Each structure stands twice: as structure tokens, then as C-alpha cells.
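Input: a single structure, listed below in C-alpha cells.
Number of protein chains: 2
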Amino acid sequence: MKLIRKLMPLNDAQKIVFERLSNYLIKNNKIKKVGIIGALNRISAEDIKSPIDLPYFNKAAMDGYAVKAEDTFGASETNPIILNLVDGDEIFPGEAKKVFTGEELPKNTDAVVMKEFCNEVDDFVEIYKSVHPNENVSRIGEDVKKGEVILKKGDVINPYHLNMLASLGIKEVKVYNLSFGIIATGDELISLNEIKNIEKDIKKIKGKIINSNSYMLYGLVKNLGFNAKIYGIIEDDKEKLKKAIKTALNENDILLITGGTSVSERDITVETVKEIGDVLVHGVNIRPGKPFGFGMVNGKPVFMLSGYPVASAVQFELFIQRFFVKRKKIILPLKRNIASELGRVDFVRVRVDKEVEPIRITGSGVISSLIKGDGYILIPENVEGYEKGEFVDVYLTKIISSG
Amino acid sequence: MKLIRKLMPLNDAQKIVFERLSNYLIKNNKIKKVGIIGALNRISAEDIKSPIDLPYFNKAAMDGYAVKAEDTFGASETNPIILNLVDGDEIFPGEAKKVFTGEELPKNTDAVVMKEFCNEVDDFVEIYKSVHPNENVSRIGEDVKKGEVILKKGDVINPYHLNMLASLGIKEVKVYNLSFGIIATGDELISLNEIKNIEKDIKKIKGKIINSNSYMLYGLVKNLGFNAKIYGIIEDDKEKLKKAIKTALNENDILLITGGTSVSERDITVETVKEIGDVLVHGVNIRPGKPFGFGMVNGKPVFMLSGYPVASAVQFELFIQRFFVKRKKIILPLKRNIASELGRVDFVRVRVDKEVEPIRITGSGVISSLIKGDGYILIPENVEGYEKGEFVDVYLTKIISSG
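Protein chains in written order, with the UniProt record's numbering: chain A, 1 to 403; chain B, 1 to 403.
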């Protein structure tokens, strides 16, 4: 009988997986230079420093008149100060220049008087309000200083980054470039393509379940900015599985296998990988997601994920997602007690608003609990649970609320 | 002189915009049926109800022996109960059937005894632990009940939805299908393509700024699951702008124009749209983002957004993003006071952890404030500000933390 003899602590398992992933990325230089538009939602593989100050010149923040602030001191509605209107790149004491929002300030000016407080008469302008230095001015480097890091390695490039990159004249970014193969195993699986009318079909396919994990994993990989290719369902047959693994590894950098990772006689995934490569992790002390496996075949990482949807989603989160990107964390009080078991890390899906509400779950097959979650908390090995009102770290997985 | 005579309250402006958008979507049936893989990150245009119970059969949640629970009552380590081992789709009192995780339970069984508590001897099995009804069973409809709504109109379809849809045999989803044209206007703009070496170029292009909003808007549109096409920079010339608007509207459903929406003499966007269509909104009492305009040209919605990056991002969020999707909201206490002005809605970018920290900003051109934000709060018109410690609603914009 096959056994997961000893469950590995989560931290140890992550360490092994993350080291192998790091080495794989470094050795194989899995980085690609793409135009900024193509970089949207991909993971930056470099720290990018600003090549210039932004703005790179002192800029009028309002329509009005550029002045040396001290020339306006004392101006008021009843006692305007009169300045000569000039044009050009430089002004001298007693002069002002008309400027539009966004326009560069001429030399020797340090403020803009809003046009609402000015009155242009022939070739001079009456100033009815004094300004202090830098008033209504966007100063050089106010947004970003030259040399400042504006994008970090590991950042997911969002639309605001595109704005920043373009503003700084940066046309290309290095991003991580990986392709994932996805295999589902299990004699109990049937393909979505075989379904014609689900209500009728369930009478015929009784006991079978539709391969749904491949689609989820495809989405999770895509949302990390990587390529994903689904290889369909492989039955519980070692030779067929070996062949599929080799094909998928030839065509991709990383392989995800879902199903067959537990310890029943039918669970052949880990045994099969062992026969053609090295299994470095099998069985992790987490819930859900215990029957996780990780190995290397032909120098490429192979993830062995549960067949249960929730377990495989949790394994993807803890061993893949968290390697590439850091989740935003918030801290909120718990709405009710949560129990856990010493020695095990519990992954608890939660909803958040003013408090953290654990989602009551009944099994690791319950897909709806994934959809309902706004994030998750991790209860560490050395904690037996949390009490109502305790503040806990929540890792966010959702910024969009359901309609 | 052109004036935004009266600023419209945010709610009124949103009402006008959202009604026009709704009508446009309905009239033009901007909906497309796509395979579930193609539906990833797109907005569902329909409520989808589950066609079946999930699971659609009672399923073993563990490897072990399917039994009628009452047949095991009283079993213990010292006093096992012995049941006859049978095969087939049905059992009778005093019988048990070996089952693997995920397998359908035979008729007349309602529980599974984990194999760890059983001992198979010839054609019977010793049961060392009693089980209660439903123990180690995933029951019919436990995950989803037939008829339950599993995807709502307006939901952004995520990888977990894909899992659910596939599990239910649903192959296609109706999603909103729109294309956005993006025009930037302003004589002060130059194209990113013209930049060769930014450090040298800023000496030559002094006073000009790179068109960066088009890239941001492209990303924001794409992240709503829509198509986006950038039409480059149009100078401040009404005829050229009209031509560009017409071209972009011929090729797209919705037009975004960035720049030229304020009241300076150079701001010709709103005037130009007025000459070829209707302007329904110009000037909204929000900060930042006041010079927002909205109109209809040839029956299509035209958004006139500020040239300032932050203002245009805020306008996109309030008038486009929020029409299509609802942001996840959390409630946290403020880390410090925020002042606002009566009559105006303030859009305040914030960071969140255990508290909400407003990001100190100095201008609506400060792109870095967009990148730093985890979300935002809206201070309503009738509120003069919030005090430290007050609980406020935060709309999340980020689930990934910066590396």
C-alpha cells in the first residue's frame, strides 16, 4: 500500500518548490522583452528606475500668469500689483507671462497666478492676489525622481504602470515568460466536450464527473500572465500518463497534473512521476490540499495537484501564485471562532467587509466556496485556532464584487 | 470665454451616463456567446442557473466502505461489526461495498467508513468504528442546487467560475462585447514612438509631454474584458478632431477622448463634440476629475476625459468601470483626518492594512499616487471630511502587493 508516510510542513515544502522554480527561471532565462501594451497584467522580471525626473520641467498647474512669487507679495483685490506682460523663455523682475495648464514655466518664475485673479490690460497684467513660491506649479520631480524605482521585479503590470512607463518614455519591459501544460488524470473524468445536454447526460454518465479543474488551472495560469495549454484527460494508466507528461513537458516549461495524488490504489500520478523523474514533495500538512506533490522531470518542474477543485486551487495559490506574486494583505477582526489543528496549516476561505467571516465549508470539492470567497487566511501550525474578534491577516483574492 | 457654468453633482452625472450606456447596450445587443475559456475575465451578460444538482449523485468523500450507517452503530475497536462485502449498485442490510474517493455510493447506503477503520477478510469486512448518516459523503446538491444562480449578470468571470461552469456541463456564456476607441488630444503631446532616448530627448522636446493616458485607458478597457484601439494624438484643431472622432466611432462602440475638456481657450474637445452630437454632461462636482464630459455622437457614447492622468483614471472608474462592475468594498478605520469640501465628492486614493491611509497627493498629474493606491474612498457631497478612527468604505482596486 502506498502511503504519504510523513506530511511535510508547508514552509519546508514551499522552500523546496520555490528554490526549484527560481533555479529553473534563472538557468533557462525565462524572460522576454515586450512592448508596454503587451506587458499588461504580466509580471515584471526587472526593477525599472526612472530615467528622468517627472515632470522633467516646472509646469503650470493652472491657466494663468507665470510670475516670480515675490513680485506678487502684497497684491489684493483693492490693491493690485501690475506686471509687464512678456513672452519668451525667461522673465525679469516685474514681468509676467501668460501660461496654460501643463505649459512649461519660463526661467526665473516659480508660481502661477490663476487667471481668475488677473486682469490683462494691453501689455500688462493686474494681479489681484499674491501667490507663494511653487503655488499652482507642478515641480520637476514632483511625481517621480530620476533613479527612483517605478516598477519592481515581481510587480504585476497594471494600467497605471502603463501610464507611468509611457510618461517616462519607456517602451519595453522585461516580463516572465512561461508556458504551463495542464493534464487531468482519472478514470472517473469525462470531457466537457462530450456533454451535449447535461440534464439528460447525467443519467448516462452516472458516477463520472466532468473535468473542470483543467479550465480553472488554465484561468489561474493565464491570470499570472503566462501561457497555458490543456492536454485533456489521461486515464489511470502509468504508460499513458508517462507519454502525456513527456509530450506536455516537451512543449512547455512547467507541468500541472491534477488528480491521482492521494494514496488510494488508483492514485498513480506520484508513482508515475517517480519512475521518470524525481519527486521532492509528496504530502504537505495543510488543509485542504494535503495530497500535494512536486517533482522535476527532465529538468522541468512538475506540480501534482489534487483532483478536488478546492484542494487544487489552494495548492496553486500556495505553491505557484505565491511564488510569483505577493498578495495584498489586510487586517480585520474575525466574526466568529475558527478551530484548527496544531501542526497543520489551515487555509480558510473568507468573506470580508468590516469583519472577516469564514465561509462554512463541507468538503474540498465545494467549488461554490471558491467563488464566494473574497480572500483567505492561513492558520499557522502552532495555532489551535482563532477567536471571534481577534485580528487576522487576510490575503485578498477579489476586487470585484458579484452583481 | 467658455465656462463650465454649473458643476453637476456626481449622482446626476452618473445617472445620465449610465442610462445612455444601458440603452446603448440594449438597443445594439452588445452581447456575444463565447466558449468558457474565452469568457475568462469578461463580464457575464446573463444570470446562469445550475441545470443540475452538484454533485449529481451521492459521492464517497473518502476511500473506504459504503454502508448503511445504522448497520455500524455500536462498532468499536474491541467490538467490530462484520458486514458482507458485495459489489453492484445496491446493497442490503448487513452488507458493505468497497468505494474509492469520488465514487458513487450504491443504493441504500448513506455513509462511508474510512478504510483505516476497516479490515477486509475474504468476502466480508470488519468495521471498527461506527459512522453517522452522511459521514464521509458528498451529498447530492451539496455544492450547488439545481436552479441556483451560479453566475450573475455583471459578474467578472474568474478561474473559479470556469471550474463551476465546466462542472455543470456549461460550455458557453454570454458576455458583454464592446470595443472602445481611444483618442488623445493636445498640442503639448508627443507620441511615445517618437522617443528614442528619453534622457537626451527631453532636451529637445522641452515642454512637451508623452501621451501616456492612451496606454492607461487601453489597459483599463482591456481589464474590463473589452477591446480597445488607440488612435494616437490629434492636435488642437476642431476639424481634425471631428474627423478622428468619426473614424473612431465608425470602428468602435464607445469613444474615449482624453484631453481638452477643461475651460481654457485651448480646450476644444467639448465644443467639437457639441458641433457633431450632443453633450449631456460637462463639469462634475468631483475632485479630481471635475472637467468630465459625456455626450452622444451618431448614437454612440463619447466620454471626454481629462488630460491629467489621475483625473482621467478617476473619471474612468466612476463613469465606466462602476457601470459595468461593482467593486468589492471593505470597511476600515481611518489612520488620519481627511478634509473635504461640502457640495463636492472627493475621490481619495488610499492604502489599506489594518487602517485606511489616504495617500498624500500634490496634484492630479501625480501618476505614482495611482500606482501606490490599494483602493479609494469617496467622500460624499454632504460630508465635510472624516476624522481619524472613523470607519469608512474602501473600494478595492488591487489584490496584488508590490514586490
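Just so it is clear, CB atoms sit at the ideal spot from N, CA and C, and this is done for glycine as well. All figures in this text were calculated on a predicted structure; none of them were measured in a lab.
- Spell out a yes or no on whether the stretch 42-57 of chain B and the stretch 141-156 of chain B are touching, meaning 3 or more CB-CB pairs, one atom from each, closer than 8 Å. yes
- Task: Ignore the nearest five residues each way along the sequence and tell me which others in A/Glu381's own chain have a CB closer than 8 Å to its CB.
- Result: As a working note, residue 381 of chain A is residue 381 in the first sequence. Closer than 8 Å at the Cβ level, and outside the excluded window around A/Glu381, lie Pro9, Leu10, Asn285, Leu342, Gly343, Arg344 and Val345.
- Task: Please go through the same chain and pick out, in chain order, the residues whose beta-carbon is closer than 7 Å to the beta-carbon of B/Asp87, but skip the five residues on each side of it.
- Result: What you label residue 87 of chain B is simply residue 87 of the second sequence in a count that begins at 1. The answer, listed in chain order, is Lys97.
- Task: Output the residue ranges of the beta strand (DSSP E) runs that lie fully inside the stretch 269-295 of chain A and measure 3 residues or longer, sorted by chain position.
- Result: 278-282
- Message: To the nearest angstrom, how far is the alpha carbon of A/Ser369 from that of B/Ser130?
- Response: Sequence index remark: in the first sequence, residue 369 of chain A carries index 369 (1-based). Sequence index remark: in the second sequence, residue 130 of chain B carries index 130 (1-based). If you take the alpha carbons of A/Ser369 and B/Ser130, they lie about 29 Å apart.
- Task: Could you list which residues in chain B have their beta carbon closer than 9 Å to that of A/Lys354, in chain order?
- Result: The sequence position of residue 354 of chain A within the first sequence is 354, counting from 1. Per Cβ cutoff of 9 Å: Ile330, Ile331, Leu332 and Phe391.
- Query: Which residues mark the beginning and the end of the alpha helix (DSSP H) in which B/Asn298 is found?
  - Reply: Taking the second sequence and counting its residues from 1, the one referred to as residue 298 of chain B is at position 298. Premise fails: B/Asn298 is in no alpha helix (DSSP H) and is neither H nor E.
- Quick one: is A/Ser22 buried, meaning 16 or more other Cβ sit within 10 Å of its Cβ, or exposed? Here residue 22 of chain A refers to the residue found at position 22 when the first sequence is read from its first residue. A/Ser22 should be labelled exposed.
- Message: I need the straight-line Cα distance from residue 422 of chain B to B/Glu142, nearest angstrom please.
- Response: In the structure as shown, chain B starts at 1 and stops at 403, and residue 422 of chain B therefore has no counterpart that could be examined.
- Item | A/Arg351 - DSSP class collapsed to helix/strand/coil | Counting from 1 along the first sequence, the entry for residue 351 of chain A is found at position 351. Here A/Arg351 sits in strand by DSSP.
- Item | Amino acids of chain B, ordered along the chain, whose beta-carbon sits closer than 8 Å to that of A/Gly141 | In the first sequence, counting from the first residue as 1, residue 141 of chain A sits at position 141. Chain B residues near A/Gly141: none, gap ~11 Å exceeds 8 Å.
- Under 7 Å between beta-carbons, which chain B residues line up against A/Leu168? List them in chain order, please. Indexing the first sequence from 1 puts residue 168 of chain A at position 168. Within chain B, the residues near A/Leu168 are Ile198.
- Query: With 7 Å set as the bound, which would you pick, yes or no: does the beta-carbon of B/Ile234 sit closer than that to a beta-carbon of chain A?
  - Reply: As a first step, residue 234 of chain B is located in the second sequence; it is residue number 234 there, counting from the start. No, no contact with chain A.
- Query: Taking Cβ positions only, does B/Met1 come closer than 7 Å to chain A?
  - Reply: Looking up residue 1 of chain B in the second sequence gives position 1. With a pLDDT of only 39 at B/Met1, under 50, the local geometry of the prediction cannot be trusted, and no value is derived from it.
- Query: Using DSSP with H/G/I as helix, E/B as strand and the rest coil, what is A/Glu135?
  - Reply: Along the first sequence, read from residue 1 onward, the residue named residue 135 of chain A stands at position 135. In the structure shown, A/Glu135 sits in coil (DSSP, three-state: anything other than H, G, I, E or B).
- Query: Would a check of beta-carbon distances place B/Pro309 closer than 7 Å to chain A?
  - Reply: Position 309 of the second sequence, counting from 1, holds the residue named residue 309 of chain B. Closer than 7 Å to some Cβ of chain A, the Cβ of B/Pro309 qualifies, so yes.
- Query: So, A/Pro169 versus B/Ile198, is the Cβ gap smaller than 7 Å?
  - Reply: Counting from one through the first sequence, the residue named residue 169 of chain A turns up at place 169. Counting from one through the second sequence, the residue named residue 198 of chain B turns up at place 198. Per the sequence shown, residue 169 of chain A should be read as Gly rather than Pro. Yes; because the gap between Cβ atoms is below 7 Å, this pair is in contact.
- Query: Counting along the chain, where does the alpha helix (DSSP H) carrying A/Val383 start and finish?
  - Reply: As a first step, residue 383 of chain A is located in the first sequence; it is residue number 383 there, counting from the start. That residue, A/Val383, is in no alpha helix (DSSP H); it is neither H nor E in DSSP.
- Output yes or no for whether 7 Å exceeds the beta carbon distance between A/Gly232 and A/Gly186. Along the first sequence, read from residue 1 onward, the residue named residue 232 of chain A stands at position 232. Along the first sequence, read from residue 1 onward, the residue named residue 186 of chain A stands at position 186. Taking 7 Å as the Cβ cut-off, A/Gly232 and A/Gly186 do not qualify as a contacting pair.
- So B/Val156 and B/Val34 are in contact, right, with Cβ under 8 Å, and what is the actual spacing, rounded? Stepping through the second sequence from its first residue, residue 156 of chain B is reached at position 156. Stepping through the second sequence from its first residue, residue 34 of chain B is reached at position 34. Not really, about 14 Å apart at Cβ, beyond 8 Å.
- How many angstroms separate the CA atom of B/Val383 from the CA atom of A/Val137? By one-based count along the second sequence, residue 383 of chain B stands at place 383. By one-based count along the first sequence, residue 137 of chain A stands at place 137. For B/Val383 and A/Val137, the distance between alpha carbons rounds to 29 Å.
- Using a Cβ-Cβ distance under 7 Å, would A/Gly283 count as near chain B? Here residue 283 of chain A refers to the residue found at position 283 of the first sequence. No, because no Cβ of chain B sits closer than 7 Å to the Cβ of A/Gly283.
- Task: Can you give me the Cβ contacts of A/Ala69 inside the same chain, cut-off strictly under 6 Å, excluding the 5 residues immediately before and after it?
- Result: Taking the first residue of the first sequence as 1, we reach residue 69 of chain A at position 69. Once the five neighbours on either side are set aside, the close Cβ partners of A/Ala69 are Asp110, Ala111, Val131, His132 and Pro133.
- Item | Bounding residues of the alpha helix (DSSP H) (the contiguous stretch that carries B/Glu126) | In the second sequence, residue 126 of chain B corresponds to position 126, counting from 1. Counting along the chain, B/Glu126 falls outside any alpha helix (DSSP H), though it belongs to the beta strand (DSSP E) covering Phe124 to Ile127.
- Sort B/Ser44, B/Asp12, B/Ala60 and B/Ile31 by Cα distance to A/Lys208 and report the nearest one. Numbered from its first residue, the first sequence carries residue 208 of chain A at position 208. Nearest option by C-alpha distance: B/Ala60.
- Item | Nearest candidate by alpha-carbon position, reference A/Lys243, set A/Thr272, A/Pro106, A/Ile190 and A/Ser312 | In the first sequence, the residue the question calls residue 243 of chain A occupies position 243. It is A/Thr272 whose Cα lies nearest to the Cα of A/Lys243.
- Message: Residues of chain B with CB closer than 7 Å to the CB of A/Arg266, please, in chain order.
- Response: Locating residue 266 of chain A in the first sequence gives position 266, where the first residue counts as 1. Within chain B, the residues near A/Arg266 are Phe100.
- Task: Starting from A/Glu239, follow the alpha helix (DSSP H) in both directions and report where the run begins and ends.
- Result: On the first sequence, residue 239 of chain A is found 239 positions in, with the first residue counted as 1. Its alpha helix (DSSP H) spans residues Lys238 to Glu251.
- Task: Kindly confirm or deny that the stretch 322-334 of chain B and the stretch 385-398 of chain B touch, where touching means at least three C-beta pairs closer than 8 Å.
- Result: yes
- Query: So A/Val281 packs on A/Gly299, CB below 8 Å; how close in whole Å?
  - Reply: On the first sequence, position 281 is the one that residue 281 of chain A refers to. On the first sequence, position 299 is the one that residue 299 of chain A refers to. That belief does not hold up - the Cβ atoms of A/Val281 and A/Gly299 are roughly 17 Å apart, past 8 Å.
- Message: Counting only beta-carbon separations shorter than 7 Å, does B/Ile400 have a partner in chain A?
- Response: Counting from 1 along the second sequence, the entry for residue 400 of chain B is found at position 400. It does; some Cβ of chain A falls within 7 Å.
- Environment of A/Ala339 [buried if 16+ CB atoms lie within 10 Å]: The residue you call residue 339 of chain A lines up with position 339 of the first sequence. It counts as exposed.
- Item | Environment of A/Val314 [buried if 16+ CB atoms lie within 10 Å] | Taking the first residue of the first sequence as 1, we reach residue 314 of chain A at position 314. The residue is buried, with at least 16 neighbouring Cβ atoms inside 10 Å.
- Query: Would you report the Cα separation of A/Tyr395 and B/Lys107, rounded to the nearest angstrom?
  - Reply: Working through the first sequence from its first residue, we reach residue 395 of chain A at position 395. Working through the second sequence from its first residue, we reach residue 107 of chain B at position 107. Each residue's Cα considered, the two are about 43 Å apart.
- List the DSSP bridge partners of B/Met62. Residue mapping note: residue 62 of chain B aligns to position 62 of the second sequence, counting from 1. None; B/Met62 has no bridge partner.
- For chain B, is any of its Cβ atoms less than 7 Å away from the one on A/Pro291? What you label residue 291 of chain A is simply residue 291 of the first sequence in a count that begins at 1. Chain B, which has no Cβ nearer than 7 Å to the Cβ of A/Pro291, makes this no.
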